[in-house]
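Here the structure comes first, spelled out in structure tokens, and everything after it is commentary.
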Amino acid sequence: MTASSAARVPRAPRRRWRQPSVLPGFGLTFGLSLGWLTLIVLIPLATIFLKSAGMGWDQFVAVGLSDRAMAAYRLSFGTAAAAGLVNAVFGLLVAWVLVRYTFPGQRLIGAVVDLPFALPTAVAGIALTTLYSPSGWVGQFLDPLGIKVAFTPIGITVALVFIGLPFVVRSVEPVLADLGRDVEEAAATLGASRFQTFRRVIFPAIFPALLTGFALAFARGVGEYGSVIFISGNMPGRTEIAPLLIVTQLEQYAYDGATAIATIMMLVSFAILLALNVVQAAGRRRYGV
Amino acid sequence: MIRVQNVTKTFGDFAALHGIDLEIKPGEFVALLGPSGSGKTTLLRIIAGLEFQDGGEVLFDGEDVSSRSVGERQVGFVFQQYALFKHMTVAENVAFGLSVRRKGRPAKADIRARAEELLRLVQLEGLGKRYPGQLSGGQRQRVALARALAIEPRLLLLDEPFGALDAKVRKDLRRWLRDLHESMGLTSIFVTHDQEEALELADRVVVMDHGRIEQVGTPEQVYMEPASPFVSNFVGETNQLPGGVHARPHDIELVGEGGTPVLVDNVFRRGGSWRVEGRIEGHDKVVEFDVDASQPAPKLGETVQIRPRRVREFSS
């Protein structure tokens, strides 16, 4: 009876205040992650903005865009980008070897890759400086060739390469492992050479992961302080990185100047990371996965 | 004409193939049928050049291709998991083989036209701009097939081509592949563990087990005259009766008396007949046989008399 009357009288569709979903808890998890991000990231960053906002525009420009600061930005972003690129190439190579081949000591090498994460960065800086100074193990061979590494931007890049390597290896590794053998075999049956297979099949598939690795290594390099200050020599205008400049300002109790530089670094970093993210999202959408 | 001569292959300690001899005539549709570990996929991959044999030869039209790379052999290969290039559109996938050609690469417009033609052939017209991730399993496998056909292969090899698809799609695609094979006249070899698929599609079935060929024959021969107990068991259903006698369920009939007594354990309907499962007294193997559904179904716990109409005997 009830069933038949329900069938005969069309009921107006009821409005639901919540769309049913098989994945429950959106409100809760979204709220929590937003709260967490605010607490851990946004509030500290906002303080920097607030602090620098208090100093007035002219002073902000005078400190934040001074010649010395500009040189530091160029150096920091330039070396971080260079190190990121070097890592993209060699990190990919390391990931390739770790994924594609089995050899004795494989796990050992896998663990070595992560060491830069664990090592106090100052230790890395001192070790690299010792190695690359003109009398060091590596430096003594480079010095006669006229290549100076320690106390130059090259040295800074070397330190950042060291620091950033795990990011690229660990981002690319799972994607490379996931890339089926059959895809490469398919390319081979279709007549592609090894190089064509790499360029047209493997590389595009791992490119988003490589970009992530690059972005992480780059971001880490921009903010890196501990390992760089030993090997850079810290000459203002030549080998003084932006984070060091901030510390220098702090040591002189010039908090406004420190936050001005920090604000500019943050804005530039954010713009670059956002751009990389947009590129990746576009790629992912395109492949329909 | 594809000829495989005394091909052997071992992986470490495991002998995957023991001296395989096989001949495939032009235009033939051949199934390599066997359980997993029988060496069927290894044989297919050796013919393709994706794997290299330890001994023996593979001849294409009389020419030894053993030292030729997979790219030089000009074979179309269709993988079980499609192996499509995810970052390329469907049309780019199909065109890949032509676009990587180093000698005599067709003009861009010609490649595009050819890809469209092939997509029409596999009934995916208009989907060229999609990405593989946006297609269903059956559509992806057809893209994979179009991609393999683009290089105008002298031989089409398919490794469990329907393995990853659901039953309905598999059936449609099977029939469609059969038609395609007939209209194109391409020599094709496919690997399957599904005997029904092999019997339905192939001109000839190669039954393999433990790295050896057990029997080569038409589906009719393999089903009706199995050469070994293995083939009899693997291809179609078989009852092993006492004394090395094999009988198909549909070749066993109920008799009033004078037959072998069987205790009925289970009865259920299968299409137009009753499938009866029971045990011969003093023999622990289960016996399955069919009774036409126009007759009353045997009752559980009842003892009935059966007699095989047609048997194969194997000296055990």
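In order, the protein sequences belong to chains E and B. To convert, note that position 155 of the first sequence is 155 in the numbering used here; the numbers rise steadily by one, no gaps. If you want the numbering used here, it's the position in the second sequence, counting the first as 1, plus 1000. We treat Cβ as the ideally placed atom computed from N, Cα and C, and that holds for glycine. Remember, it's a predicted structure, so these values are computed and weren't measured experimentally.
Near residue i, which residues of its chain fall below 7 Å by C-beta distance, leaving aside the five closest residues on each side in sequence?
{"i": "aspartate 218 of chain E", "result": "Reading the sequence as shown, one finds phenylalanine at residue 218 of chain E and not aspartate. So the qualifying residues of the chain are Ala80, Ala81 and Gly84."}
{"i": "alanine 215 of chain E", "result": "Leu273 and Leu276"}
{"i": "phenylalanine 246 of chain E", "result": "Correcting the residue identity first, residue 246 of chain E is isoleucine in this sequence and not phenylalanine. Within the same chain, isoleucine 246 of chain E has close Cβ partners Ala258, Ile261 and Ala262."}
{"i": "valine 161 of chain E", "result": "Ala83, Val86 and Asn87"}
{"i": "tyrosine 1223 of chain B", "result": "Leu1199, Val1235 and Gly1236"}
{"i": "aspartate 143 of chain E", "result": "Pro134"}
For residue i, collect the residues of the same chain with a Cβ closer than 6 Å to its Cβ; drop the 5 residues on either side in sequence, then sort them by chain order.
{"i": "isoleucine 1189 of chain B", "result": "Val1030 and Leu1157"}
{"i": "aspartate 1209 of chain B", "result": "Gly1034, Ser1038 and Phe1230"}
{"i": "arginine 1073 of chain B", "result": "Gly1049 and Val1065"}
{"i": "glycine 1055 of chain B", "result": "Thr1008"}
{"i": "glutamate 1302 of chain B", "result": "Val1264"}
{"i": "alanine 187 of chain E", "result": "Thr197 and Val201"}
Along chain E, which residues have their Cβ under 8 Å away from the Cβ of residue i?
{"i": "phenylalanine 1096 of chain B", "result": "Ala187, Leu190, Ala192 and Arg200"}
{"i": "glutamine 1081 of chain B", "result": "Gly180 and Asp182"}
{"i": "glycine 1071 of chain B", "result": "Ala188, Thr189, Leu190, Gly191, Ala192 and Ser193"}
To the nearest angstrom, report how far apart residue i and residue j are at their CA atoms.
{"i": "arginine 100 of chain E", "j": "arginine 285 of chain E", "result": "28 Å"}
{"i": "valine 1004 of chain B", "j": "leucine 1145 of chain B", "result": "24 Å"}
{"i": "proline 208 of chain E", "j": "alanine 281 of chain E", "result": "9 Å"}
{"i": "isoleucine 241 of chain E", "j": "leucine 98 of chain E", "result": "34 Å"}
{"i": "glutamate 1125 of chain B", "j": "proline 1153 of chain B", "result": "22 Å"}
{"i": "valine 278 of chain E", "j": "phenylalanine 270 of chain E", "result": "12 Å"}
{"i": "valine 228 of chain E", "j": "threonine 197 of chain E", "result": "39 Å"}
{"i": "arginine 238 of chain E", "j": "leucine 75 of chain E", "result": "8 Å"}
{"i": "methionine 266 of chain E", "j": "tryptophan 96 of chain E", "result": "33 Å"}
{"i": "aspartate 178 of chain E", "j": "valine 168 of chain E", "result": "16 Å"}
{"i": "tyrosine 1167 of chain B", "j": "arginine 1310 of chain B", "result": "Residue identity check: residue 1167 of chain B is alanine in the sequence provided, not tyrosine. Cα to Cα, alanine 1167 of chain B sits roughly 31 Å from arginine 1310 of chain B."}
{"i": "valine 63 of chain E", "j": "alanine 69 of chain E", "result": "7 Å"}
{"i": "glutamine 1080 of chain B", "j": "glutamate 1028 of chain B", "result": "21 Å"}
{"i": "leucine 165 of chain E", "j": "leucine 108 of chain E", "result": "16 Å"}
{"i": "alanine 1107 of chain B", "j": "leucine 1180 of chain B", "result": "27 Å"}
{"i": "phenylalanine 141 of chain E", "j": "threonine 152 of chain E", "result": "16 Å"}
{"i": "glycine 223 of chain E", "j": "valine 158 of chain E", "result": "15 Å"}
Tell me whether residue i is buried or exposed, calling it buried when 16 or more other Cβ atoms sit within 10 Å of its Cβ.
{"i": "phenylalanine 1085 of chain B", "result": "buried"}
{"i": "valine 1287 of chain B", "result": "buried"}
{"i": "glutamate 1281 of chain B", "result": "exposed"}
{"i": "proline 1219 of chain B", "result": "buried"}
{"i": "lysine 1040 of chain B", "result": "buried"}
{"i": "methionine 1001 of chain B", "result": "exposed"}
{"i": "serine 5 of chain E", "result": "In this prediction, serine 5 of chain E scores a pLDDT of 45, lower than 50, which makes its location untrustworthy; no coordinate-derived value is stated."}
{"i": "methionine 1088 of chain B", "result": "buried"}
{"i": "tryptophan 57 of chain E", "result": "exposed"}
{"i": "proline 1298 of chain B", "result": "buried"}
{"i": "arginine 1307 of chain B", "result": "exposed"}
{"i": "valine 1304 of chain B", "result": "buried"}
{"i": "isoleucine 147 of chain E", "result": "exposed"}
{"i": "tyrosine 253 of chain E", "result": "exposed"}
{"i": "glutamine 1295 of chain B", "result": "exposed"}
For residue i, which residues in chain B fall below 8 Å Cβ to Cβ?
{"i": "glutamine 196 of chain E", "result": "Val1100"}
{"i": "proline 174 of chain E", "result": "Within 8 Å Cβ-Cβ: nothing; proline 174 of chain E doesn't reach chain B, min ~16 Å."}
Within a Cβ cutoff of 8 Å, which residues of the same chain sit near residue i, ignoring the five residues on either side of it in sequence?
{"i": "methionine 1 of chain E", "result": "The predicted model places methionine 1 of chain E with a pLDDT of 41, which falls under 50 and marks its position as unreliable, so this point remains unresolved."}
{"i": "alanine 46 of chain E", "result": "none"}
{"i": "leucine 994 of chain B", "result": "Any question about residue 994 of chain B goes unanswered here, given that chain B covers just 1001 to 1316."}
{"i": "alanine 1016 of chain B", "result": "Lys1009, Thr1010, Gly1039, Thr1042 and Gly1211"}
{"i": "glutamate 1023 of chain B", "result": "Met1001, Ile1002, Arg1003 and Val1004"}
{"i": "arginine 1068 of chain B", "result": "Gly1049"}
{"i": "valine 289 of chain E", "result": "With a pLDDT of 48 at valine 289 of chain E, under the threshold of 50, the modelled position of this residue cannot be trusted; read the value that follows with caution. Taken in chain order, the list of residues that qualify is empty."}
Determine the chain B residues that contact residue i at a beta-carbon separation under 7 Å, and present them in chain order.
{"i": "alanine 275 of chain E", "result": "Ordered by position in chain B, no residue passes the 7 Å Cβ test against alanine 275 of chain E, which lies about 20 Å from the chain."}
Under 8 Å by Cβ, that's how I've got residue i and residue j pegged, so tell me the actual separation to the nearest angstrom.
{"i": "phenylalanine 191 of chain E", "j": "glycine 1071 of chain B", "result": "According to the sequence shown, residue 191 of chain E is glycine rather than phenylalanine. Sure, about 4 Å apart at Cβ, within 8 Å."}
{"i": "isoleucine 231 of chain E", "j": "isoleucine 156 of chain E", "result": "7 Å"}
{"i": "serine 1183 of chain B", "j": "arginine 1312 of chain B", "result": "With a Cβ gap of about 37 Å, serine 1183 of chain B and arginine 1312 of chain B do not count as contacting."}
{"i": "glutamine 1141 of chain B", "j": "leucine 1165 of chain B", "result": "7 Å"}
{"i": "glutamate 1160 of chain B", "j": "threonine 1192 of chain B", "result": "6 Å"}
{"i": "glycine 226 of chain E", "j": "glycine 125 of chain E", "result": "6 Å"}
{"i": "glycine 1128 of chain B", "j": "glutamate 1117 of chain B", "result": "About 11 Å; that fails the 8 Å criterion."}
{"i": "alanine 1083 of chain B", "j": "aspartate 182 of chain E", "result": "4 Å"}
{"i": "valine 1205 of chain B", "j": "isoleucine 1213 of chain B", "result": "Not a contact, Cβ separation roughly 11 Å."}
Taking residue i as the query, report the chain E residues whose CB atoms sit under 7 Å from its CB, ordered along the chain.
{"i": "alanine 1048 of chain B", "result": "Thr189"}
{"i": "valine 1075 of chain B", "result": "Thr189"}
{"i": "isoleucine 1151 of chain B", "result": "Leu190 and Gly191"}
Going along chain E, which residues have a C-beta under 9 Å from residue i?
{"i": "phenylalanine 1085 of chain B", "result": "Val183, Ala186, Ala187, Arg200, Val201, Pro204 and Ala205"}
{"i": "arginine 1317 of chain B", "result": "Here chain B comprises residues numbered 1001 to 1316, so residue 1317 of chain B is not present and cannot be evaluated."}
Just to check, is the beta-carbon of residue i closer than 8 Å to a non-hydrogen atom of the ligand GTP?
{"i": "glutamate 184 of chain E", "result": "The ligand GTP is not part of the structure shown, which contains no ligands of any sort."}
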